[in-house]
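Visitor:
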Amino acid sequence: MWRDTDAVGSWSWSGGERRETNATVYSHGAEAELLVNGRSYGRKTAKECKIVFKNGRYEEGTITAVSYDVQG
28 MWRDTDAVGS WSWSGGERRE TNATVYSHGA EAELLVNGRS YGRKTAKECK IVFKNGRYEE
88 GTITAVSYDV QG
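Residue numbers (our numbering): 28 to 99.
What follows is the structure, encoded as structure tokens:
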């Protein structure tokens, strides 16, 4: 598999609590919203099917990405 990041399909990072991290979302939608434990980190526009949410803090729990088409 070719990729330009060291991304993994997981949100498990033992010992990483509260460390600064980026989350990359791959989507065919026009925008995506990132939620960590139900808290939104906002919506961003996709560039070439990729959106990077920078400078978040890792916390144990659930990460969800919601993709939106051009109509929202």
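Each residue gets a CB set at the ideal place from its N, CA and C atoms; glycine is no exception.
For E86 and V97, I'd like the C-alpha separation in whole angstroms.
Guide: Numbered from 1 along the sequence shown, position 59 holds the residue referred to as residue 86. Numbered from 1 along the sequence shown, position 70 holds the residue referred to as residue 97. Their Cα atoms are separated by approximately 31 Å.
Visitor: What would DSSP say about R84, mapped onto helix, strand or coil?
Guide: Position 57 of the sequence shown, counted from the first residue, corresponds to residue 84. DSSP places R84 in strand when its eight states are reduced to three.
Visitor: Would T72 and E58 be called neighbours here (beta carbons separated by less than 8 Å)?
Guide: Numbered from its first residue, the sequence shown carries residue 72 at position 45. Numbered from its first residue, the sequence shown carries residue 58 at position 31. Result yes, Cβ atoms of T72 and E58 sit closer than 8 Å.
Visitor: Out of K77, G99, Y95, G88, point me to the one whose CA is closest to E125's CA.
Guide: For the chain, the structure presents residues 28 to 99; residue 125 sits outside this window and is missing.
Visitor: Report buried or exposed for V103, applying the criterion of at least 16 other Cβ atoms within 10 angstroms of its Cβ.
Guide: Any question about residue 103 goes unanswered here, given that the chain covers just 28 to 99.
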